[in-house]
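J.: Below is one structure. I have some questions about it.
Residue numbers (my numbering): 709 to 1164.
Now the structure itself:
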C-alpha cells in the first residue's frame, strides 16, 4: 500500500492518511496522521489527528474510525458549529479508542508531513482529564501532558494505551480551586527577563473587563490564558511542588516563559511573582485604575513596579497566523527563581541611563502584528545597558534619542540629542548599538526611543 491514502468523503472534503515516523522514548515509532482537506470551504480551520502505530499493528491497516469522525465534524461545521483552538467535543457514549472527549489545539509539525500551519490538532482525553481542563484551564492540562510524555510543548500524537493523568477525581489544593476565573482562549501571558506581557485579545476583552470590575483591595481576578507559541518554556506545577518549575524545549530561541494564567489585583504593596504555573501581578491603586481604563478603551498599557520589573498589557484586535511548532521529542526540566528584577543600582563610577517610552513612527495600526512588545522592550533594555557601559565616565545631564528602523535581522540607527555631539561620539554610539542583535520583527518597524542620561 502506498501512502498517503486519499479518502474522498464528498465533493468538498477529503482526508489524507499519512504514514510517518517520529522519535519517542528511545526509538523511532510509526504513526498514522489523518489530514483534512476542504474544511476551509466552510470557514473552519483544517484538522489533523495522529495515532501511534502499536508494536503489534500492521502499518498498512490504518483505523477507519477517524475518517468517519471527520465526516461527522464536517457535518457539524456545515450546520454552523465551528470550533477554534481551546474548544472541545464530546464523542458520545462509545467515544473513540476509549476516549470520550477531545480538545482542539494548535498543531505540532512532524517531519515527513505536509505543512500543518493553521491546522487544529485533535488530542483525545479521558473523562477525568476533560474535567480537570475545564476546572483548571486547558494550558495547565497541556503542560501536565507535555511533561508526562516528555514532549514540549505538548504531544499531539494519540495512543489507546495512554493512561489517564488523573486516576482519581480528588480536587487539587490549588489557588485555582476556589478562585473565580475566566477563560481567555485567544490571549497569552509570558515573561521575558524582567518584563511580563499580558497579550489581551479583543475577543477576550469584555469578559476580562467584567472580571476586573468591582474588585476590592486584596481581591484578585484569575484569567486562564492559552499557550503562547512564542515560548521556549512553560511553567509547570503539581500539588506539593515547593519551587516554581518549567519544562522546556532543549534549545531556547526566544527565551520566553509561558504561564497558564495571570492573576490581577491591587493592594498597598505592588509586586510581581510566579504562583504555581501562572503569574501574579499586584498593582498600586492608581496603576490599577489605569489598567482597567486601558482595557475599557481598548488600548495597550505598561507600568514599572517598585522593584524595576515591568508589566505590559498588549491589546490586540487581530489573530496572528498560526505557525506549527516543530516536534520536540525531549523536554528538559528547569527549576526557576522568581522573576528577576531589573537591576536598579549601579556602581558609583557608572552613568545613570534610563530608557523612556518609545514612539511608534511606523504610522500603521498593525504594529502589534509586526513585533512582540516584550521582545521589543528587552531589546531596548539591552541598548540601555550598552549605552551605560559606553558612557561610564559621563557626568553631564542630557537626553539622547535613537531612531531605530528595524527589519528582520537588522536595525539601522540614527542618533539625535538636545546638545551638540562630537561626530566621533555619534559614530561610536550608532556603531555600538547596531552590533546588538535586534528583536525579531515580521516586517519593518520605525520607532524613536529617548535615553535620559544622569537624569532622575
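Even glycine gets a Cβ: it sits at the ideal position worked out from N, Cα and C.
Along the chain, where does the beta strand (DSSP E) that runs through residue 973 open and close?
T.: The sequence position of residue 973 within the chain shown is 265, counting from 1. That run of the beta strand (DSSP E) goes 969-974.
J.: Can you tell me where the alpha helix (DSSP H) holding residue 836 begins and where it ends?
T.: In the chain shown, the residue the question calls residue 836 occupies position 128. That run of the alpha helix (DSSP H) goes 835-844.
J.: Where does residue 1052 land, buried or exposed, given buried means 16+ other C-beta within 10 angstroms?
T.: Taking the first residue of the chain shown as 1, we reach residue 1052 at position 344. Low local confidence applies: a pLDDT of 43 at residue 1052 is under 50, so the model's placement there is unreliable, with the coordinate-based value given in what follows. Classification of residue 1052: exposed, given that the 10 Å Cβ count is below 16.
J.: Decide if the segment 1147-1160 is in contact with the segment 1104-1121; the criterion is three or more beta carbon pairs, one per stretch, under 8 Å apart.
T.: A contact exists between the segment 1147-1160 and the segment 1104-1121.
J.: Name the DSSP beta bridge partners of residue 941, please?
T.: Here the question's residue 941 lines up with position 233 in the chain shown. Bridge partners of residue 941: 956 and 965.
J.: Can you find the residues in the same chain that come closer than 7 Å, C-beta to C-beta, to residue 837, ignoring five residues on each side of it along the sequence?
T.: Here residue 837 corresponds to residue number 129 of the chain shown, with the count starting at 1. Counting only Cβ-Cβ distances below 7 Å, and skipping sequence neighbours, we find 849, 872, 873 and 874.
J.: If you run the structure through DSSP and keep just helix, strand and coil, what is residue 798?
T.: One-based indexing of the chain shown puts residue 798 at position 90. Reduced to three states, the DSSP call for residue 798 is strand.
J.: Pair every Cβ in the segment 737-745 with every Cβ in the segment 759-774, then say whether three or more of these pairs are closer than 8 Å.
T.: In short, these stretches touch, since the Cβ pair count reaches three.
J.: Is it right to say residue 816 is buried, meaning 16 or more other beta carbons lie within 10 angstroms of its own, or is it exposed?
T.: Residue 816 sits at position 108 when you count from the first residue of the chain shown. Answer is buried; the Cβ neighbour count reaches 16.
J.: Could you check what DSSP says for residue 935 in three-state terms: helix, strand or coil?
T.: Taking the first residue of the chain shown as 1, we reach residue 935 at position 227. Coil at residue 935, not helix or strand.
J.: Can you give me the C-alpha to C-alpha distance between residue 934 and residue 897, rounded to a whole angstrom?
T.: Position 226 of the chain shown, counted from the first residue, corresponds to residue 934. Position 189 of the chain shown, counted from the first residue, corresponds to residue 897. Cα-Cα distance, rounded: 8 Å.
J.: Ends of the alpha helix (DSSP H) at residue 994?
T.: As a working mapping, residue 994 is identified with position 286 in the chain shown. From DSSP, the alpha helix (DSSP H) with residue 994 extends over 993-1004.
J.: Would you call the segment 1030-1040 in contact with the segment 922-930, where contact means no fewer than 3 C-beta pairs closer than 8 Å?
T.: Result no; under three Cβ-Cβ pairs closer than 8 Å.
J.: Can you give me the C-alpha to C-alpha distance between residue 1130 and residue 1086, rounded to a whole angstrom?
T.: Translated into positions along the chain shown, residue 1130 becomes position 422. Translated into positions along the chain shown, residue 1086 becomes position 378. About 28 Å.
J.: Measure how close the beta-carbons of residue 987 and residue 980 come, nearest whole angstrom, since I'm counting them as under 8 Å.
T.: Against the chain shown, residue 987 aligns to sequence position 279. Against the chain shown, residue 980 aligns to sequence position 272. Right, their Cβ atoms sit about 7 Å apart.
J.: With a cut-off of 8 Å, do at least 3 Cβ pairs link the segment 862-872 to the segment 961-975?
T.: As far as the Cβ criterion goes, the segment 862-872 does not touch the segment 961-975, which means the pair count is below three.
J.: Which partner residues of residue 744 appear in the DSSP bridge assignment?
T.: In the chain shown, counting from the first residue as 1, residue 744 sits at position 36. According to DSSP, residue 744 bridges with 723.
J.: So, under 8 Å CB-CB, residue 1158 and residue 1118 are touching, yes? Tell me the CB distance rounded to an integer number of Å.
T.: Counted from its first residue, the chain shown places residue 1158 at position 450. Counted from its first residue, the chain shown places residue 1118 at position 410. So it is not a contact: roughly 22 Å between Cβ atoms.
J.: Determine the extent of the beta strand (DSSP E) in which residue 790 is found, giving its start and end residues.
T.: Residue 790 sits at position 82 when you count from the first residue of the chain shown. From DSSP, residue 790 is part of no beta strand (DSSP E); its letter is neither H nor E.
J.: Among the candidates 1025, 1088, 748 and 843, whose CA atom is the shortest distance from the CA of residue 969?
T.: Residue 969 sits at position 261 when you count from the first residue of the chain shown. Closest by alpha carbon: 843.
J.: Quick check: the segment 892-912 against the segment 1008-1020, are at least 3 beta-carbon pairs closer than 8 Å?
T.: Touching, yes, given that three or more Cβ pairs across the two stretches are closer than 8 Å.
J.: Tell me, to the nearest whole angstrom, how far the beta carbon of residue 1022 is from that of residue 1008; I am working on the premise that it is less than 8 Å.
T.: In the chain shown, counting from the first residue as 1, residue 1022 sits at position 314. In the chain shown, counting from the first residue as 1, residue 1008 sits at position 300. At roughly 5 Å, the Cβ-Cβ gap stays under 8 Å, so residue 1022 and residue 1008 are in contact.
J.: How is residue 681 classed by DSSP in three states: helix, strand or coil?
T.: No answer is possible for residue 681: the residues shown for the chain start at 709 and end at 1164.
J.: With a Cβ-Cβ cutoff of 8 Å, do residue 941 and residue 919 count as a contact?
T.: Position 233 of the chain shown, counting from 1, holds the residue named residue 941. Position 211 of the chain shown, counting from 1, holds the residue named residue 919. Going by C-beta atoms, residue 941 is not nearer than 8 Å to residue 919.
J.: Name the DSSP bridge partner or partners of residue 822?
T.: Residue numbering aside, residue 822 sits at position 114 when the chain shown is read from its first letter. DSSP output for residue 822 lists no bridge partner at all.
J.: Determine the DSSP secondary structure at residue 1148, reduced to helix, strand or coil.
T.: Here residue 1148 corresponds to residue number 440 of the chain shown, with the count starting at 1. Looking at residue 1148 - three-state DSSP - the assignment turns out to be coil, as it is neither helix nor strand.
J.: Who are residue 1016's beta bridge partners in DSSP?
T.: For the purposes of this step, residue 1016 is taken as residue 308 along the chain shown, with counting starting at 1. None; residue 1016 has no bridge partner.
J.: Quick check on the burial criterion: 16 or more other C-beta atoms within 10 angstroms. Buried or exposed for residue 1080?
T.: Counted from its first residue, the chain shown places residue 1080 at position 372. Result: buried.
J.: If contact is defined by three or more beta carbon pairs under 8 Å, each pair taking one atom from either stretch, is the segment 765-782 in contact with the segment 723-734?
T.: Segments in contact, yes.
J.: Please classify residue 859 as buried or exposed, where buried requires at least 16 other C-beta atoms within 10 Å of its C-beta.
T.: Locating residue 859 in the chain shown gives position 151, where the first residue counts as 1. Burial call: buried.
J.: Tell me whether residue 814 is buried or exposed, calling it buried when 16 or more other Cβ atoms sit within 10 Å of its Cβ.
T.: Numbered from its first residue, the chain shown carries residue 814 at position 106. Its Cβ being crowded by 16 or more others within 10 Å, residue 814 is buried.
J.: Skipping 5 residues on each side, what residues in its chain have a beta carbon closer than 6 Å to that of residue 855?
T.: On the chain shown, residue 855 is found 147 positions in, with the first residue counted as 1. Only 944 and 955 meet the Cβ criterion.
J.: Just the Cα atoms here: how many angstroms apart are residue 1083 and residue 1148?
T.: Here residue 1083 corresponds to residue number 375 of the chain shown, with the count starting at 1. Here residue 1148 corresponds to residue number 440 of the chain shown, with the count starting at 1. Computed Cα separation, rounded: 7 Å.
J.: My understanding is that residue 822 touches residue 730, with C-beta atoms under 8 Å, so please give their C-beta distance in whole angstroms.
T.: In the chain shown, the residue the question calls residue 822 occupies position 114. In the chain shown, the residue the question calls residue 730 occupies position 22. In fact, because the Cβ distance is near 15 Å, the residues do not count as touching under 8 Å.
J.: Among 885, 1095, 915 and 881, whose alpha-carbon lies nearest the alpha-carbon of residue 892?
T.: As a working mapping, residue 892 is identified with position 184 in the chain shown. Nearest C-alpha to residue 892: 915.
J.: Note down, in chain order, each residue of its chain lying with its Cβ closer than 6 Å to the Cβ of residue 1056, except the 5 sequence neighbours on either side.
T.: Working through the chain shown from its first residue, we reach residue 1056 at position 348. No answer about residue 1056 holds up, because its pLDDT of 40 lies below 50 and its placement is not dependable.
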